[in-house]
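Quick note on our numbering: the sequence shown kicks off at 198 and runs consecutively.
One structure is given below, encoded as structure tokens.
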Amino acid sequence: MKLFSLALILAVCCFLTNCAPPKKGYQWTIYKVVTVTGTKPYSGTDANVYIVLRSGRHTSNRVQLDNKYNDDFEAGHLDTFYIRATKFATITGVRMEHDNSGNSPGWFLNKIVISDKSMMRAYEFSCYQWLARDAADGETAKELPLTRVIQL
Numbered sequence: 198m199k200l201f202s203l204a205l206i207l208a209v210c211c212f213l214t215n216c217a218p219p220k221k222g223y224q225w226t227i228y229k230v231v232t233v234t235g236t237k238p239y240s241g242t243d244a245n246v247y248i249v250l251r252s253g254r255h256t257s258n259r260v261q262l263d264n265k266y267n268d269d270f271e272a273g274h275l276d277t278f279y280i281r282a283t284k285f286a287t288i289t290g291v292r293m294e295h296d297n298s299g300n301s302p303g304w305f306l307n308k309i310v311i312s313d314k315s316m317m318r319a320y321e322f323s324c325y326q327w328l329a330r331d332a333a334d335g336e337t338a339k340e341l342p343l344t345r346v347i348q349l
């Protein structure tokens with residue numbers, strides 16, 4: 198019964214996140230990803246947002262962060278996503294990016310927190326920068342190093 202429940206949860210998570218299978222030769226797991234959008238004027242984005250997890254030289258599949266039927270990444274909001282991605286013993290960095298689409302594509306990302314219940318850890322990645330073609334450095338992607346590890 199537990200195996201069936203886990204398979205059902207994974208199937209629903211995969212459906213909701215449009216996830217790709219893990220890279221060949223790797224196992225996968227479900228991560229909880231929380232994004233914190235800044236409170237500056239026009240901090241939110243209408244663009245499609247993606248994440249890639251890193252562990253040393255290894256990277257996960259690219260996963261879109263999207264809660265269907267929700268207006269994600271609004272100014273001052275915390276958004277929670279469940280993604281299926283490559284299982285790593287530790288996460289050392291992330292790449293956050295968006296496709297610059299929509300009416301208001303610029304995004305001010307404060308931070309993200311990724312929880313890995315199987316390892317009893319959460320990883321925090323601070324950003325506090327614009328991902329926008331018309332602000333700061335003009336980049337819509339950022340490589341974020343690990344800020345801190347939180348034991349769950």
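Here a beta-carbon is modelled for each residue, glycine too, at the ideal position from N, C-alpha and C.
Just so it is clear, the structure is predicted and the values come from calculations on it, not from any experiment.
(request) In angstroms with no decimal places, state the Cα-to-Cα distance between Trp-327 and Tyr-223. (result) The count along the sequence shown starts at 1 and reaches residue 327 at position 130. The count along the sequence shown starts at 1 and reaches residue 223 at position 26. If I take the Cα positions, the gap works out to 33 Å.
(message) Taking 7 Å as the threshold (C-beta atoms), are Thr-226 and Lys-308 in contact?
(response) Taking the sequence shown and counting its residues from 1, the one referred to as residue 308 is at position 111. Taking the sequence shown and counting its residues from 1, the one referred to as residue 226 is at position 29. No, Cβ-Cβ distance for Lys-308 and Thr-226 is not below 7 Å.
(request) Could you pull the start and end residues of the beta strand (DSSP E) that Ser-323 belongs to? (result) As a working note, residue 323 is residue 126 in the sequence shown. First-last of the beta strand (DSSP E) with Ser-323: 318-328.
(message) Once DSSP output is grouped into helix, strand and coil, what is the label at Pro-302?
(response) Numbered from 1 along the sequence shown, position 105 holds the residue referred to as residue 302. Note: Pro-302 maps to coil in three-state DSSP.
(message) Tell me which residues share the same chain as Pro-342 and place their Cβ nearer than 6 Å to its Cβ, disregarding the 5 neighbours each side in the sequence.
(response) Walking along the sequence shown from the start, residue 342 turns up at place 145. Hits under 6 Å: Gly-290.
(message) Let me confirm a value: Ser-298 is counted as buried when at least 16 other C-beta atoms fall within 10 Å, else exposed. Which label applies?
(response) Mapped onto the sequence shown, residue 298 falls at position 101. Ser-298 comes out exposed.
(request) Would you kindly report the start and end of the unbroken beta strand (DSSP E) that includes Phe-278? (result) Along the sequence shown, one-based indexing puts residue 278 at 81. Counting along the chain, the beta strand (DSSP E) containing Phe-278 begins and ends at 275-283.
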